[in-house]
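J.: Residue numbers for the sequence shown follow our numbering, beginning at 133 and rising by one. A virtual CB, placed ideally from N, CA and C, is assigned to each residue, including glycine.
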Amino acid sequence: MADAQALLIRVDSRGLDDEAREALARSLAAELNEHRAGSADLARVAAPPGSKAGEWALTAEVAISLGALASSWAVPAIQHWLKRQEGETTLTLKGKNSDGQYFEVNVTGAAPDDVFEKLNPFLQRPSS
């Protein structure tokens, strides 16, 4: 996803290796794409100079646009996915809001309803 306004969601779970965490990230992206095709993908970054690849995939990170995240379906979809995971699963959501303010929040599988509560302050536009 090449959107500069993307939110990165890092997926982790205690005791999982990189391959298993990658599988979790793919399942989260698939869940989001079931609601709106093309809304999420595995996160990518530009490869360092001299690399044959144009970009590298970030291990166990999903990218979703802030526009999609602010829509009515995205947060419930993330919560639903998280509820089906083990309690040790953690999502780290990081990005910049519409004002360019960086944020990073952590949500665990033990408290999936925290997704909206923790993200809401960053998604709201300040009143003029």
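1. So who's on the other strand from residue 144, going by DSSP bridges?
2. Taking the alpha-carbon of residue 154 as reference, which of 231, 167 and 221 has the nearest alpha-carbon?
3. Who does residue 139 pair with in a DSSP beta bridge?
4. Where does residue 229 sit, in a helix, a strand or coil, going by DSSP?
5. So, under 8 Å CB-CB, residue 247 and residue 192 are touching, yes? Tell me the CB distance rounded to an integer number of Å.
6. Compare the beta carbon distance of residue 232 and residue 198 with 8 Å and say whether it is the shorter of the two.
7. Is the CB-CB distance between residue 160 and residue 171 below 8 Å?
8. Since residue 236 sits in a beta bridge, which residues does DSSP pair it with?
T.: Working from what's here:
1. 222
2. 221
3. 196
4. coil
5. No, residue 247 and residue 192 are not in contact; Cβ-Cβ is about 18 Å, not under 8 Å.
6. no
7. no
8. 226
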